[in-house]
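Peer 1: To start, I am sharing the structure in question, which I have written as structure tokens.
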Amino acid sequence: MEATGTDEVEKIKSKFMSAWHNVKYSWVLKTKTYFSRNSPVFLLGKCYHFKTDDSGELSTDGSNFDKINTEISGNVEEFRKDFISRIWLTYREEFPQIKGSALTTDCGWGCTLRTGQMLLAQGLMLHFLGRAWVWPDALDIDNSDSESWTAHTVKKLTASFEASLTAEREPKILSNHHQRTLKRNCDHNEMRNEVYHRKIISWFGDSPLAAFGLHQLIEYGKKSGKIAGDWYGPAVVAHILRKAVEEARDPELQGVTVYVAQDCTVYSSDVIDRQCSFMGSGKADTKAVIILVPVRLGGERTNLDYLEFVKGILSLEYCVGIIGGKPKQSYYFAGFQDDSLIYMDPHYCQSFVDVSIKDFPLESFHCPSPKKMSFKKMDPSCTIGFYCRTVQDFEKASEEITKMLKSSSKEKYPLFTFVKGHSRDYDFASTPLHEENDLFSEDEKKRLKRFSTEEFVLL
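Counted the way my numbering counts, the sequence shown spans residues 77 to 535.
The structure is reproduced here in structure tokens:
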């Protein structure tokens, strides 16, 4: 009886936390983001130009696109469609209870796990869909109601919270977008892309069975001393993502692996060994690799000398983004304009979506409007991600990034390095043979604990 009472207290506490964070962060969604007409905008390696004869700023929240001349409109819409097509993963509430806790929401503590999910999702989108893919319904996402997306969402979430206090459940509003998708005369390739689009999102569902869902990530985090409700840093999340991909059992995921740099060093032979590992059934095809590099861009504050390097990284099409943020908040950085970073914000609590049902609604997994933040506000602790489909792609990327590191480094040592050979050749532990019930080696556990104490605290 006492345990039941405790659970009820935790549930009520979670409701208030969700409501508080929605109030706290809703102003971010209400704030328009302005882009200069005279500077290019980069989004995960793609460049967009909004330039016209008129100087000034352009809002990309969708409120004034009808006022833009056709010359700009085409490029702006291409940018918006590309941005909205990225997978957006935010706080959720009312999902199945997390094992070992009474938590049914990650509101207030799960933001770095969410930004890590977004980075991994982009890597999987490159793998299965390619960088050129965009969601056909992207531009419809914030035009389905006469109200703005923000106003509609705030009202919906407020109503949801009020209903929960009276033990009522808000009726689910099902999307009509999938109905239009089914009616559309799609060719085979479009149908295939839509299948993978939904499949990738389903891998990040908030249920215990989802390969990269919050429940699974928390289970892997326990191996490094973390539990549900703890705050996670970018480096810890990088290792958790690696474990999640290693342990994924879906046959579709057997062609992807994740490598995490050791102490700001990428050991080329270790990466290639992972890519050339057997994929099962006697096949020796190479795997695609997502390389994660935890770094610090300075001491207490971000060193502005690293700005050009970060911009260079986000200009690469095989970059899958940066798990970072500003002090006390984690963001997923995906692009830039001038000296401002473009990001997706996970700090908005949305209702649980059951991704196991057929044609589940997709809208809440796509962000309708980009946000910008000055680079100087960025917390120095972050994890950079790259995707390489083949060994040749990795070798080319390592050469390109090495040149970028050397040209951008004003100090003796670059931010991180690519080194030929294996980590064991440099007296570091090689990839360990894990025991059945121990997913992290002792060396990895020590490194993760060190990262946990060095990184910023997320509130």
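Quick reminder that beta carbons are idealized off the backbone N, C-alpha and C, glycines included.
In the DSSP output, which residue or residues are listed as bridge partners for PRO370?
Peer 2: In DSSP, PRO370 forms a bridge with THR459.
Peer 1: How would you label ARG350, buried or exposed, when you count the other beta carbons within 10 angstroms and need 16 or more for buried?
Peer 2: By the 10 Å Cβ count, ARG350 comes out buried.
Peer 1: Name the two residues that bound the continuous beta strand (DSSP E) containing LYS402.
Peer 2: First-last of the beta strand (DSSP E) with LYS402: 395-402.
Peer 1: Less than 7 Å between the C-beta atoms of THR459 and PRO310, yes or no?
Peer 2: Their beta carbons are under 7 Å apart, which means THR459 touches PRO310 by this criterion.
Peer 1: Does the count of Cβ pairs from the region 368-376 and the region 431-441 closer than 8 Å reach three?
Peer 2: Touching, no.
Peer 1: Looking at the unbroken beta strand (DSSP E) that takes in LEU119, where does it start and where does it end?
Peer 2: That run of the beta strand (DSSP E) goes 117-119.
Peer 1: When the Cα of ARG190 is compared with those of ARG207, LEU317, SER353 and ASN151, which residue comes out closest?
Peer 2: That would be LEU317, whose Cα lies nearest to the Cα of ARG190.
Peer 1: Starting from the C-beta of ASP142, find all residues in its chain whose C-beta is less than 7 Å away, skip the five residues before and the five after it, and write them out in chain order.
Peer 2: For ASP142, the predicted model reports a pLDDT of 36, less than 50, meaning its position is unreliable and no value from the coordinates is stated.
Peer 1: Please check the pair LEU491 and TYR382, which I expect to be a contact at CB under 8 Å, by giving their CB distance rounded to whole angstroms.
Peer 2: Yes, they are in contact, since the Cβ atoms of LEU491 and TYR382 sit about 7 Å apart, within 8 Å.
Peer 1: Taking the beta strand (DSSP E) that THR478 falls in, what are its first and last residues?
Peer 2: Note, THR478: premise wrong, no beta strand (DSSP E); alpha helix (DSSP H) at 467-484.
Peer 1: Using only alpha-carbon positions, find the residue among SER457, PHE385, LYS157 and HIS315 that is nearest to LEU196.
Peer 2: LEU196 has its Cα closest to that of HIS315, out of SER457, PHE385, LYS157 and HIS315.
Peer 1: By the DSSP assignment, the beta strand (DSSP E) with CYS123 in it spans what residues?
Peer 2: Taken as a continuous stretch (DSSP letters only), the beta strand (DSSP E) holding CYS123 covers 122-124.
Peer 1: Tell me whether the beta-carbon of VAL313 lies closer than 7 Å to the beta-carbon of THR478.
Peer 2: Not in contact: VAL313 and THR478 (Cβ atoms no closer than 7 Å).
Peer 1: Cβ of LEU120 within 7 Å of Cβ of ALA410?
Peer 2: Against a cut-off of 7 Å, the Cβ pair of ALA410 and LEU120 comes out as a contact.
Peer 1: So, using beta-carbon positions, are GLY289 and TYR463 closer together than 7 Å?
Peer 2: Result no, Cβ atoms of GLY289 and TYR463 do not sit closer than 7 Å.
Peer 1: Please classify GLN426 as buried or exposed, where buried requires at least 16 other C-beta atoms within 10 Å of its C-beta.
Peer 2: GLN426 is buried by the Cβ-count criterion.
Peer 1: Buried or exposed: which applies to GLY206, given that a residue is buried once 16 or more other Cβ atoms fall within 10 Å of its Cβ?
Peer 2: GLY206 is exposed by the Cβ-count criterion.
Peer 1: Which stretch, first to last residue, makes up the alpha helix (DSSP H) that contains TYR407?
Peer 2: TYR407 -> not in any alpha helix (DSSP H); beta strand (DSSP E) instead, spanning 405-413.
Peer 1: Should CYS352 go down as buried or exposed, given a rule of 16 or more other Cβ atoms within 10 Å for buried?
Peer 2: Classification for CYS352: exposed.
Peer 1: My understanding is that SER457 touches GLU384, with C-beta atoms under 8 Å, so please give their C-beta distance in whole angstroms.
Peer 2: Actually they are not in contact, since the Cβ atoms of SER457 and GLU384 sit about 19 Å apart, beyond 8 Å.
Peer 1: Compare the Cα-Cα distances from VAL210 to each of PRO116, ASP182, ASP339 and GLU266 and report the closest residue.
Peer 2: That would be GLU266, whose Cα lies nearest to the Cα of VAL210.
Peer 1: Please state whether the Cβ-Cβ distance between ILE348 and VAL467 is less than 7 Å.
Peer 2: Closer than 7 Å, so yes.
Peer 1: Using the Cα positions of LYS447 and SER391, report the straight-line distance between them to the nearest angstrom.
Peer 2: Their Cα atoms are separated by approximately 18 Å.
Peer 1: Once the 5 residues before and after LEU380 are set aside, which same chain residues still bring their CB inside 8 Å of it?
Peer 2: Counting only Cβ-Cβ distances below 8 Å, and skipping sequence neighbours, we find PHE451 and LYS452.
Peer 1: Do the region 265-284 and the region 300-308 make contact, defined as three or more Cβ pairs closer than 8 Å?
Peer 2: Verdict: no, contact absent.
Peer 1: Distance, Cα to Cα, ILE277 vs SER406?
Peer 2: Approximately 20 Å, taken between the alpha carbons.
Peer 1: Thinking PRO403 and ASP455 are a contact (beta carbons under 8 Å), I'd like their distance in whole angstroms, please.
Peer 2: Right, the Cβ-Cβ distance comes to about 5 Å (below 8 Å), so this counts as a contact.
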